[in-house]
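Notes follow once the structure below has been shown.
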Amino acid sequence: MSEFLKLAFELIAKIIYNLAEWVVGFVNGFLKLFITGWPEYVMIFRSYFGTLSIIGKALSVLLVILLISIPVLIVVIIIRHIILNIRLRADSDDNAVLYKEIGRLNKQVLELMDEKNKILALKVNNIGNIEPVPYNGQEGLLNNLTGDSGVVYDTEGGSALGGIASGAPYTGDMSRGVSGAFPGAGIAVAEGVGFADPMAASVPAAGGVIGAIAGGTAALGDDALANAAAAAATAAEQAKSKVNELERINAARFPKLSLVDTRYEDFERPDYNEDISLQEFVKSYRLFAASQMKLYYTEEIVRRFVAGMASSKILILEGISGTGKTSLPYSFSRFLGNPATIVPVQPSFRDRSELLGYFNEFSKRFNETEFLRALYEAGYREDPSLIVLDEMNLARIEYYFAEMLSILEMPNKDEWVIDLVPTAWPGDPQLLDGGKLHVSPNTWFVGTANSDDSTFTITDKVYDRAMPIELNERAAPFECELEPRRPVTCDHLRELFETAKDEHPISEATMANMVKVDSYLQTRFKLAFGNRIIKQMYDFIPVYVACGGTELGGLDYILARKVLKKFESLNVTFVRDEIKGLITYLEKTFGKGAMHDSIEYLTRIQNLY
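Just so you know, we're using the working numbering here: the sequence shown kicks off at 1431 and counts up by one.
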């Protein structure tokens, strides 16, 4: 036996020795291959590299790069494999916890469903069919008030509601211990009327009946019980209607728009001011902003804003920070009694879905935005609705706002239609027509814009369609009496705009001078008054005059912001001398100092370049 043990020991020891020798040899070989062998590799490379031709040297360098990349790739693969295993192990642990939580929630759901079934099983079609339960209390205390039957008993052991159910008056003493009976149970107490849903715990009529009984009512007649039952049924019907309405909204694919429909079902029309003039309108808003919101604007800025609304559905407020670009439309909408919706533009805006939302095919619901909600709600309003695109040039306007730019150019307002979804579904919002939304003509889009390194340049395509208003300085604060808001309808506002066109048309002398300037700009700078700008001019200047401005002041502003603005896209270096000539020509044509905005703008452009 000892010889066998010696044999086994020597054999196993030899195997272990060879295995250890193999491991050591493998480690030494790995180290020599990837780490300690580098001096030999470098020596071989140097000994041959000097004798090689240019092509041979290039190939040898590529060979070295290839040989180096192989071990690096192997190490990266090993590390990636280790990290992946760690993540899979972590995910496996998280999944185990998640599966456990799902199982717990499923169990709770089953318990709740079972509890609901038990509650529904407690419904009774006729309260008179309930068998009396013997009274087991002492000193007037009712121990069986909320048992399975849910019936109240008096101190004599008789059923307090047994007679009520059959229509007979009850004359027992119920002044003792009945308070607290039927907690949360809505009941009907007339013959032929069973228990209401026990889950309708807030039916006030049932509470009234219980209170009357608990208060010691001596007798309850048929009329009183019938009235209580009718009130309970009405309250239950109202509660059920509200629940159904909420369920309908939650199930709709446009929940935000459906809530707008619900809110405007009982909407009370404000008391609109239909007698105010444009000049009074401008002054009243300026006083309102100062007295109620501590915001101060010059009459000139307000005048341009109102005239801009007459000439375009898109207004762009430009200028340095802190001059009130966002607060101007915000306070203006408060003055009208229809608060503006402010939509912060993000740099990630690329297409219409950023503004309007999109239909989620998975959830079968439309991901609505505040912009879409405001656009839809404007269809219910008679007064102007302002949608503010705050910092609108943080992204390219002609990308995310392209569809609206095109729609607002349609001469027929019936064609102002946005296609949201391809087909209509039952339960869609009321103002959607076959999945399409009509843009209300009562809507104005107001964008605020800064000019810095974080923003994009507003292109001519946008400027031509919009009315830019520049705010580069704040008005001085002033004291005034409290001014109320002045709600007006869009119909009245449009009527004021049309009246201004009739009463303050552009004079022939101004038109003749404008034609001269147009010819001068075409000849010297290849710039012209486009048809769109001409139309805006005919809309802007009369309203500007009706608001308290002058005809030349309105023309000066249009010329500076809509025509001369295009100088920024030209190489001003080559036309610097021509700009001096243009300034002289404007002063000669309209009079010295008459075109203040245009000359100031040209001087600033000239100094910048």
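Virtual Cβ for every residue (Gly too), placed ideally from N, Cα, C.
When F1456, F1711, E1821 and I1513 are compared, the shortest CA-CA separation from S1884 is found for E1821.
Per DSSP, reduced to three states, the secondary structure at E1909 is coil, with no helix or strand assignment. Around the beta-carbon of V1712, 16 or more other beta-carbon atoms lie within 10 Å, marking it buried.
Take the alpha-carbon of S2028 and the one of L2012: they are about 10 Å apart. L1835 sits in a helix when the DSSP states are folded into three classes.
For L1717, the closest of K2022, M1944, L1912 and T1919 by C-alpha to C-alpha distance is L1912. The way I'd put it, the segment 1855–1863 doesn't touch the segment 1812–1819; fewer than three beta-carbon pairs between them come closer than 8 Å. In the three-state scheme derived from DSSP, where H, G and I count as helix and E and B as strand, T1953 is classed as helix. Ranked by Cα distance from Y1968, the options R1733, A1438, K1487 and G1738 are led by G1738. Note that the segment 1906–1925 touches the segment 1757–1773; at least 3 beta-carbon pairs, one per stretch, sit closer than 8 Å.
Unbroken alpha helix (DSSP H) runs of no fewer than 4 residues, entirely contained in the segment 1446–1480, are found at 1468–1479, following chain order. Excluding five sequence positions before and after L1482, the CB atoms of its chain that fall closer than 7 Å to its own CB belong to S1490, given in chain order. When rounded, the separation of the alpha-carbon atoms in I2009 and K1946 is 16 Å. Exclusion of the five residues before and after T1889 leaves E1828 as the residues of its chain whose Cβ lies within less than 7 Å of its Cβ.
By the Cβ-count criterion, D1932 is exposed, with fewer than 16 other Cβ atoms from all chains shown falling within 10 Å of its own Cβ. A direct Cα-Cα distance of roughly 27 Å separates P1972 from L1725.
Judged by pairs of C-beta atoms under 8 Å, the segment 1862–1872 does not touch the segment 1688–1702, as fewer than three such pairs exist. Cβ-Cβ distances below 6 Å link Y2031 to A1990 and L1994 in the same chain, with the five nearest sequence neighbours on each side left out; the list follows chain order. The residue among M1944, K1996 and L1540 with its C-alpha nearest the C-alpha of L1982 is M1944. Where Y1788 is concerned, there is no enclosing alpha helix (DSSP H), although the beta strand (DSSP E) around it starts and stops at Y1788 to N1790. The residues I1963, in chain order, have a CB closer than 6 Å to that of K1992 in the same chain once the five nearest residues on each side in sequence are set aside. S1741 is the residue among S1741, L1957 and T1980 whose C-alpha sits nearest the C-alpha of F1927. The beta carbons of V1892 and I2035 sit no closer together than 9 Å. Nearest to E1791 by C-alpha distance, out of P1852, I1837 and F1439, is P1852. In terms of Cβ geometry, R1780 and A1825 form a close pair [threshold 9 Å]. In the three-state reduction of the DSSP assignment, F1796 falls in the strand class. Per DSSP, reduced to three states, the secondary structure at I1744 is strand. The bridge partners DSSP lists for I1442 come to none.
DSSP, reduced to helix, strand and coil, places I1817 within a strand of the structure shown.
Taken through DSSP and simplified to helix, strand or coil, I1750 comes out as coil. Within the same chain, no residue comes within 6 Å of I1498 by CB-CB distance, once the 5 residues on both sides are set aside.
Across the structure, T2019 and Q1966 are spaced so that their CA atoms are roughly 22 Å apart.
Looking at the backbone, the Cα of R1699 and that of E1807 are separated by about 14 Å.
In the three-state reduction of the DSSP assignment, M1897 falls in the strand class, which pools E and B. Close CB contacts of Q1952 within its chain, under the 8 Å cut and outside five residues either way in sequence, are with A1958 (chain order).
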